[in-house]
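Listed in order, the protein sequences are those of chains A, B, C, D, E, F, G and H.
My numbering applies: residue 22 is where the first sequence begins, and numbers increase by one.
My numbering applies: residue 22 is where the second sequence begins, and numbers increase by one.
My numbering applies: residue 22 is where the third sequence begins, and numbers increase by one.
My numbering applies: residue 22 is where the fourth sequence begins, and numbers increase by one.
My numbering applies: residue 22 is where the fifth sequence begins, and numbers increase by one.
My numbering applies: residue 22 is where the sixth sequence begins, and numbers increase by one.
My numbering applies: residue 22 is where the seventh sequence begins, and numbers increase by one.
My numbering applies: residue 22 is where the eighth sequence begins, and numbers increase by one.
Structure record follows, encoded as structure tokens.
8 protein chains.
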Amino acid sequence: MVFTFDWDRTARTGTAEAVLCEGKEPSDIEAICADAAGRAMFLTRLTPEMLAALAAPLRERLDYEPLSRTAILGTPPAPSGPAAAIVAAGTADRGTALEAARTLQFSGRNHKMIIDVGVAGLWRLTARLDEIERAPVVIVVAGMEGAIFSVLAGLIAAPIIAVPTSNGYGVAEGGKAALSSALASCAPGITTVNIDNGFGAACAAIRILRARQATA
Amino acid sequence: MVFTFDWDRTARTGTAEAVLCEGKEPSDIEAICADAAGRAMFLTRLTPEMLAALAAPLRERLDYEPLSRTAILGTPPAPSGPAAAIVAAGTADRGTALEAARTLQFSGRNHKMIIDVGVAGLWRLTARLDEIERAPVVIVVAGMEGAIFSVLAGLIAAPIIAVPTSNGYGVAEGGKAALSSALASCAPGITTVNIDNGFGAACAAIRILRARQATA
Amino acid sequence: MVFTFDWDRTARTGTAEAVLCEGKEPSDIEAICADAAGRAMFLTRLTPEMLAALAAPLRERLDYEPLSRTAILGTPPAPSGPAAAIVAAGTADRGTALEAARTLQFSGRNHKMIIDVGVAGLWRLTARLDEIERAPVVIVVAGMEGAIFSVLAGLIAAPIIAVPTSNGYGVAEGGKAALSSALASCAPGITTVNIDNGFGAACAAIRILRARQATA
Amino acid sequence: MVFTFDWDRTARTGTAEAVLCEGKEPSDIEAICADAAGRAMFLTRLTPEMLAALAAPLRERLDYEPLSRTAILGTPPAPSGPAAAIVAAGTADRGTALEAARTLQFSGRNHKMIIDVGVAGLWRLTARLDEIERAPVVIVVAGMEGAIFSVLAGLIAAPIIAVPTSNGYGVAEGGKAALSSALASCAPGITTVNIDNGFGAACAAIRILRARQATA
Amino acid sequence: MVFTFDWDRTARTGTAEAVLCEGKEPSDIEAICADAAGRAMFLTRLTPEMLAALAAPLRERLDYEPLSRTAILGTPPAPSGPAAAIVAAGTADRGTALEAARTLQFSGRNHKMIIDVGVAGLWRLTARLDEIERAPVVIVVAGMEGAIFSVLAGLIAAPIIAVPTSNGYGVAEGGKAALSSALASCAPGITTVNIDNGFGAACAAIRILRARQATA
Amino acid sequence: MVFTFDWDRTARTGTAEAVLCEGKEPSDIEAICADAAGRAMFLTRLTPEMLAALAAPLRERLDYEPLSRTAILGTPPAPSGPAAAIVAAGTADRGTALEAARTLQFSGRNHKMIIDVGVAGLWRLTARLDEIERAPVVIVVAGMEGAIFSVLAGLIAAPIIAVPTSNGYGVAEGGKAALSSALASCAPGITTVNIDNGFGAACAAIRILRARQATA
Amino acid sequence: MVFTFDWDRTARTGTAEAVLCEGKEPSDIEAICADAAGRAMFLTRLTPEMLAALAAPLRERLDYEPLSRTAILGTPPAPSGPAAAIVAAGTADRGTALEAARTLQFSGRNHKMIIDVGVAGLWRLTARLDEIERAPVVIVVAGMEGAIFSVLAGLIAAPIIAVPTSNGYGVAEGGKAALSSALASCAPGITTVNIDNGFGAACAAIRILRARQATA
Amino acid sequence: MVFTFDWDRTARTGTAEAVLCEGKEPSDIEAICADAAGRAMFLTRLTPEMLAALAAPLRERLDYEPLSRTAILGTPPAPSGPAAAIVAAGTADRGTALEAARTLQFSGRNHKMIIDVGVAGLWRLTARLDEIERAPVVIVVAGMEGAIFSVLAGLIAAPIIAVPTSNGYGVAEGGKAALSSALASCAPGITTVNIDNGFGAACAAIRILRARQATA
């Protein structure tokens, strides 16, 4: 079985050469990585169990980060440019926030991480507003009811990419409540990506950062 | 057809003698009002069309408020006790907020109304926090994503009753997004009632106000 | 990674210093508990597996209750004031009922627990109505179709906080049926919290009990 | 276009020769009634607008009941046998209850109607329990949260057929909440039919009454 | 903790003294069985894992059937009366069908089981129609799209209780598709119970069988 | 505003030059028809209200069929080839069945229509099986619970295209129940199209008929 | 009743002073416009019926566009800067596309509109790719299955904001299908806004255009 | 317990003698295979765990393919006729694609497999269009947002059978997003089967191939 990997996509769309590992066999991942032939490669949704099932030579070459379940193969470019802000409402949202951070890192972008600023204690967020506001693009990660998306969008002017997470239980379980909050927000100008999709949020941020560079 | 109205409920549960007009025929409403035999009566979800269909003698005795679609028959007790706060995020939530206000009025309770304080402009809410905080119970009415429920619950200590409204479109349509926000809130201690149920929220507030009086 | 815990919340909102353990790493819980620096702390949704993964010195200091999956670190205040009633429809709802009870206990509140009074045998509930009615606030915990919420709200005047649980199968699975019953009840004045959220119900009860004390 | 009406169904299954008018053209209804050639015929979901659109000769021969939106063409058999009980929780459920009653009437069965016995005032139901209990089969009609299904099933031994109605708003809108309550009931032995399906409930009751007769 | 078991329910409603084991602790089940004090008892949704966790003296006294996950404690009455038919569309529906069969057995009722008669091979069903038609009540168990409910209801006159099962995948997963088919059937007079609820279907059948006996 | 109509599609995919009128302005439809410049054109979902709003010269040139809400502009090819079967379960499904028939007619295909053969009276379907079986492709149109899809697929070998319709109420409302039945069928080899999509079913049938011709 | 309009929001977040008219009374809109005191103002979701209900002096000062249901009060700034692209899949998506265009116009931004380029005729889209690709930000508007979001995101590098629309029927009705396609896309870097929310998409585009300017 | 296997179905409907193993016990599968008495048999959804639980003599006679979870017992006919195309959007869709391929193989049909041609890299699909277009029927397998269904249907004229898969997360989880895309496609003439139902898609393809042969 021959893979048809889309190596050209980076040039065409500016997004990372990434492999979604979920749903793939270990042998699939090994074949794709072999096909990479020295190019840097980004693996997402790689669980520790899948990592352990990979052939040792590949596994040892991977830079794996367990909370985000991401791995980097090869050497990404050194980070440059202004730092995108990644704001996470709660501790449990860190895995998704890190997936975004790792995607930016793999793509040679800087970022700053601001965690545990959920609106239940509003001062935590307002205390760091200056820091957030200076970023050219802001990724906001939150589960449960996702109220932070609206609050932040009412306070700053930068592009905001919401990442609802599946953290929570009852009606929040699976992330639908947070997703609906991002979409139905009373504060205009929020955009959103799929639940738990830190990778996609970072790709969108990179599109925005590239558009900025095109101007400068 | 003989109605079995539950005239005893006020004594038993402290909630209003109310009639949900939706789904009833004009002749049903007329029969119930006749059965009231001089008792004060509260009608909810009475549209202007239904009002117009009622027999003139009854219609003329009703104190009708069109935005809340409520009517009062007879004379409710003079208001007394501390004022419950009713906080509405947007102008479009006013109908539901007024339904709560009218229910309190019918039950002899005071209230104060605070409108247009949605979190997209956070200063509007924080500017009135002192006023809200002094109330023994706070009813919060919001549609769309309902972020105000969490923000307010993180700022004050009073009992909070959320009333999600069906205002909004797309994923907010019908009020499910706001309802999920109230239920899945990261700020502990919020309770909620059904979508657009200003009457039920006021009944819950009355239960709390009664419990307070029992103590004093 | 530095946590931004909201130690001030108790003073501000009267709710407990609680940590939702679900979605957090053992090291997160350890760091938060260390940060507590002697303050009492309440842990919710702490599974036996997560407990076992905590460092021994912390684990041994925790007062853990397995059915409610809660742990108390440090010494909560001695209970005082009138006892909130916790009514649970079935044996399987006990875990959630205990989560509410433990939250009250941690916050220095008294409670009484009434279990196995589901409406399939109505006499079980009516036999204990006097006992329930004397409480200043009633938490009602039920899964399946949650009919008890309406029955009880039609019989007593106290504030009622419904806690739908995820007990049941088929259309009841996940707690949506019981949640809808609480929200759509024909008996006015019921408020509800998220599915399985015994902690949130107790926080709401505490808000009500505080409001009572403010009066007295 | 020739219709393929199933005139044989009554003999085969004991249910009525009924026509669901919803979704049909006036000319369809006229054609089917002509095809009946003197047989008695039962029309359901016939709105006043559809009735008005029928040709006058047919319209004048119909015994139309507007609340249930049913019409009878021809002369049904005189009612005989024990009376099935139809219990309706609220006034707004009467239309569906009447659809069941008219179906029984068309099929030559007796019935008794018990209305406005919702559980918010439990005494209204218990006061009439003896009357209900004597029926060989009980149809229970309720919207909103449908708590009455469970309460009644815990109190009597007769076969119970629940008919959830679409009365209610918010999460009750459309009847899903009441339907889930019937299906997820903690009281064993309830069966249910589709939302607002008074006709189907009566057909099921007729199957049970026939099975009884087969024995006697 | 004292249980409030409803021993009186059999006399009152004619349904079995049954314990839903799902969601209960082994110690709960042991306590209830001890409380039974010699009465026969029926346990449902008792998984092999839960059975193994019970104390040996109790476990050894249980008559356990693994496919239906039911256990009988003590000696049920000898079966008498006409046999209810249990019709199962597919092999995978047998567990639920057996739950119904065991409930009938525990309650002293006869039954006959007809399996693997799904409508994909219509002749399998029509070949056994005579046998089915002679039963005073018919329980039909089916997952996937549940077409058999409508087909059978169009062919026989007996009371039909549909039991949708969670067998199937994709849109059938969880049993919603089969449940909707039972409720929305074009064949009048079908009633339904919750997904996988063989116990409830048998309880409804017993109500019908009792009503028959009352006549004779 | 210039339209970008895809006139080339017929050659490329063999499906009709059709315009979905729903959501378009009368001026849009007029502009597209003008752009057609003499080509035959098929209009779907054209309500009588929209038809009346069209400019008279265009309106008068349209061959309009109200039940299917379709219009043909210009002269379609004379029908040739074997007749596709269109089987409709109920009278109310005729509009959708006619939409399929008109699409076939516009595309120069023959069809035969078999109506009112729902499974509640199974003999109606089996009586016409020979006729159905001779067709090279069968379109089956049904609302409510859609049991006919499975029954027919178990009886014949031809390609079957299910068209669920939105006919029905309660859980059937909107067509989801019938759609799920088509998808979850226990009879292998059914394919389905969107709810009420008679046009799409006919386009799929045409693809199959073309594939047949390619062989001959 | 005094409104609390957030006039400061433009300075703070760069989004327009807009009023969502849906759910508001004519008198509300008049009061807000009076409060504007000469500032330019943007009205969204203003139906022709609501427009007609406004007082004549206000109505005559409004620049109303019926397809987008938007009105501009006062004189917006002259457009400047690079043109955002607005790509609409079908004719029926034009209303939402125009809402985005009018929002950009009100905010002094240029735009170019590309319509009728749905993927069913792929060449329509690829023919205009150069034109689209030159825009600094691309708003893509599509209903039904929304496949264009993925196709375009795989072809260009600019930031993409998807606007799912409620155009379509059956499973597409309401816009959920298109929304899910935007969120679940296999092409990384798409962000989305609420269904039919052309205004929100333009606000997000303005945030991106501002961020670009901040750089230059 | 005697099985009622439908051995006649192949002759009647042309689909395979297949057993859906999910939900069956190992002993069920063994009994059915014994009953086959030398006929070839096709087993679907046979997990490695279920395979391991089968009696060794049977297990060793099975030709098992783990990715598709299918097994063939006995010798299927040698493949003949034109090759159906199976197009899979991503690597993770291969299991379902192989289920379709194995079904065709078991039924004596040829196929060609085209993998990894998702629309995020459109050139991958267009590069292979000639190859796809030559097939008499095309099965398209895709998860996530399923955009490939529409793109391909706009490019080729052959019958298209969409198989949505459950690959994806967030709103794509479970396959509903891909299923909706297939059903709501703007490209006419797509039909679809249940999520992950490669077997059903192949059975539908066989129906089409048979219809072709009938002509030739």
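All C-beta atoms in this analysis are idealised placements derived from N, C-alpha and C, irrespective of residue type, glycine included.
Proximity test, Cβ basis, 8 Å: K45 (chain E) and chain C: Yes, because at least one Cβ of chain C sits closer than 8 Å to the Cβ of K45 (chain E).
Buried versus exposed call for L88 (chain B) [16 or more other C-beta atoms within 10 Å across all chains shown]: Exposed, by the Cβ-count rule.
Candidates H:G142, H:D151, H:A105, H:E120: closest to H132 (chain H) by CA position: Out of H:G142, H:D151, H:A105, H:E120, H:A105 has the C-alpha closest to the C-alpha of H132 (chain H).
Contact under 8 Å by Cβ, R164 (chain G) with G111 (chain G): It should be noted that the sequence gives Gly, not Arg, for residue 164 (chain G). Contact: yes.
Members of the region 152-166 of chain A that neighbour chain B once the beta carbon cut-off is set at 7 Å: So the list reads M165, E166, given in the order they occur along the chain.
Stretch-stretch touch, CB-based, cutoff 8 Å, three pairs: the region 203-223 of chain F with the region 202-221 of chain H: With three or more CB-CB distances shorter than 8 Å, the region 203-223 of chain F counts as touching the region 202-221 of chain H.
Residue span of the beta strand (DSSP E) that contains T65 (chain A), given as start and end: Its beta strand (DSSP E) spans residues 62-65.
Near-chain F residues of the region 96-123 of chain G - C-beta to any C-beta below 7 Å: The region 96-123 of chain G vs chain F, Cβ under 7 Å: T112, A113.
Beta-carbon separation (whole angstroms), T34 (chain G) vs I107 (chain A), contact threshold 8 Å: Not confirmed; about 20 Å, so no contact.
G219 (chain F) - DSSP class collapsed to helix/strand/coil: Helix at G219 (chain F).
Chain-ordered chain A contacts of N215 (chain C) [CB-CB under 9 Å]: Contact note: N215 (chain C) reaches chain A through G189, Y190, G191, V192, A193, using a C-beta cutoff of 9 Å and chain order.
Min CB distance L67 (chain F) to chain H below 8 Å: It does not: the Cβ of L67 (chain F) has no partner Cβ on chain H nearer than 8 Å.
CA-to-CA distance, V40 (chain F) to Q234 (chain H), given in whole angstroms: Q234 (chain H) and V40 (chain F) have their C-alpha atoms roughly 34 Å apart.
Nearest to G219 (chain B) (by Cα), restricted to the options B:T124, B:S171, B:G175: Nearest option by C-alpha distance: B:T124.
Alpha carbon of L200 (chain D) to alpha carbon of S171 (chain D), nearest angstrom: L200 (chain D) and S171 (chain D) have their C-alpha atoms spaced approximately 12 Å apart.
Identified DSSP bridge partners for E86 (chain A): A:T91.
Bridge partner(s) assigned by DSSP for A106 (chain A): Its beta-bridge partners are A:K133, A:V159.
Through-space distance from D84 (chain E) to V192 (chain A), alpha-carbon basis: Looking at the two C-alpha atoms, the distance is approximately 39 Å.
Same chain only: Cβ atoms within 6 Å of G116 (chain C), ignoring 5 sequence neighbours per side: Taken in chain order, the residues that qualify are L88, S89.
Entirely enclosed beta strand (DSSP E) segments - the region 165-204 of chain H, minimum 3 residues: Every unbroken stretch of the beta strand (DSSP E) spanning 3 or more residues and falling wholly within the region 165-204 of chain H is given here in chain order: 181-185.
Whole-angstrom C-beta distance between L94 (chain D) and A61 (chain D), which should lie under 8 Å: Indeed they touch by this definition, with Cβ atoms about 7 Å apart.
Straight-line Cα distance separating A208 (chain F) from V23 (chain A): Because the pLDDT at V23 (chain A) is just 49, under 50, the model does not fix this residue reliably, and the point stays unresolved.
Amino acids of chain E, ordered along the chain, whose beta-carbon sits closer than 9 Å to that of R231 (chain D): Here the neighbours are A178, A179, P180.
Those residues which DSSP pairs with L143 (chain G) across a bridge: Answer is none; L143 (chain G) lacks a bridge partner.
Cβ pair I227 (chain C), R130 (chain C) closer than 8 Å: Yes, Cβ-Cβ distance for I227 (chain C) and R130 (chain C) is below 8 Å.
Three-way DSSP call (helix, strand, coil) for S48 (chain G) in this model: S48 (chain G) sits in a helix when the DSSP states are folded into three classes.
Any C-beta of chain D under 8 Å from that of N218 (chain B): Answer yes: the Cβ-Cβ gap between N218 (chain B) and chain D drops below 8 Å somewhere.
Classification of T91 (chain F) by the beta-carbon crowding that lies within 10 angstroms, buried from 16 upward: In the assembly as shown, T91 (chain F) is a buried residue. Its beta-carbon has 16 or more other beta-carbons within 10 Å.
Cross-chain neighbours of R60 (chain B) in chain D, by beta carbon under 9 Å: Here the premise fails: no neighbours, minimum Cβ distance about 15 Å.
Distance between P103 (chain C) and S128 (chain C) (C-alpha atoms, nearest Å): If I take the Cα positions, the gap works out to 13 Å.
Beta-carbon proximity of D27 (chain D) to G142 (chain F), cut-off 8 Å: Cβ distance < 8 Å, so D27 (chain D) and G142 (chain F) count as in contact.
E43 (chain H) vs R66 (chain H) beta-carbon contact at 8 Å: Judged by beta-carbon spacing, R66 (chain H) lies within the 8 Å limit of E43 (chain H), meaning their Cβ atoms are closer than that value.
Under 9 Å by beta carbon: chain F residues contacting R30 (chain D): Correct list: A141, G142.
C-alpha gap between A121 (chain E) and I229 (chain D), whole angstroms: Taking the straight line joining both Cα atoms gives about 19 Å.
Three-state class that DSSP yields for A39 (chain A) in the structure shown: Three-state DSSP puts A39 (chain A) in a strand.
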